[in-house]
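Heads up: the structure comes next, in structure tokens.
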Amino acid sequence: MRIRPIAAMASLAFALTLTACGAADNPPATPSDKQGAEASTATAAPAAETTSQPPAATTEPSTSGPLALGTTHTWEDTENGIRGTSAVLSYQQGIKSVGSAAEHSGTPGYVWAALELKVCSVKGLFAATTTPWTLSYADGARVEPSSGTWADFPKPQFPIETKLTPGKCVRGKVVYPVPGNSRPQTVVYAPDGFDVPVEWAVPTK
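Structure follows, in structure tokens:
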């Protein structure tokens, strides 16, 4: 798979993992709700179908630093004939839930945070997932999406995996357990096939 960036356009859009069609489905994993509240099922992201050769990516670093929230990143996979857009629309920290982020992560002082993302297919069929999206901190720490979800998490939730046909988009929120006394510097988008990740800057407050 050969992926190359095309442009960054200001708009409300974002994208999740881009994998070629043919991903296999995995069984769901349900988190334990320590607050006694009903927890909805969290499904592990399926592994992408492998090929004999590793993907060749041509993603280039941004010369102007991380993108602003709401800016769309446009990419193209010429080998598989697909093209799409991805964007981080917003970041919110201190989300309230019956489930405790501190208990879920096993780290005192952790709270819930949510990213709102949007991914669209311009050309071709591909799968968008939450797997390649992480939060990056000044000390080098990285935080992945929550492995579980509670019924009162922000809606709409971004699907663990969804397939997009040309002209279709998916938009939703992904929740993370994060340290309550600091904020991430950037949102990092690093799907397979990208030599250089794409980043969006997180406002300091």
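Going by mature numbering (1 follows the signal peptide of the UniProt record, and there is no 0), the letters in the sequence shown line up with residues -23 to -1, 1 to 182, in that order. Ideal placement from N, C-alpha and C gives every residue a C-beta, glycine not left out.
Residue i classed as buried or exposed, judged by whether at least 16 other C-beta atoms fall within 10 angstroms
i     : result
E109  : Sequence check: residue 109 is Pro here, not Glu. Buried, by the Cβ-count rule.
D172  : exposed
A105  : buried
P4    : For P4, the predicted structure reports a pLDDT of 44, less than 50, and the residue's modelled location is therefore unreliable. A value from the coordinates is still provided. Exposed, by the Cβ-count rule.
A(-9) : Interpretation of A(-9) is limited by its pLDDT of 37, a score under 50 that renders its predicted location unreliable; the figure taken from the coordinates is listed afterwards. Looking at its Cβ environment, which holds 16 or more other Cβ atoms inside 10 Å, A(-9) is buried.
T163  : buried
Through-space distance from residue j to residue i, alpha-carbon basis
i    : j    : result
S124 : V65  : 20 Å
W52  : K73  : 35 Å
K132 : S67  : 13 Å
T181 : E56  : 39 Å
T84  : I137 : 24 Å
V155 : A90  : 7 Å
K145 : D54  : 17 Å
H81  : A128 : 15 Å
A45  : I59  : 25 Å
W177 : G47  : 9 Å
Distance cut-off 7 Å: residue i Cβ against heavy atoms of the ligand FMN
i    : result
P122 : The ligand FMN is not among the ligands present in this structure, which contains no ligands whatsoever.
Within-8 Å CB hit, residue i to chain D
i   : result
G47 : Note that chain D does not occur in the displayed structure, where there is just one protein chain.
Residues that DSSP places opposite residue i in a beta bridge
i    : result
A90  : Q70, Y153
I59  : D54
S113 : R119, T163
V65  : L94
Backbone secondary structure at residue i - three-state DSSP
i     : result
A104  : strand
A178  : strand
E121  : coil
A78   : helix
S98   : strand
K140  : strand
T(-7) : Below a pLDDT of 50, predicted positions are generally treated as unreliable, and T(-7), at 42, falls in that range; no measurement from the model is reported.
T84   : coil
V173  : coil
Beta carbon of residue i nearer than 8 Å to that of residue j
i    : j    : result
F135 : L94  : yes
P174 : V151 : no
P168 : S98  : no
P161 : V147 : no
V96  : L141 : yes
Y153 : V120 : yes
S63  : H50  : yes
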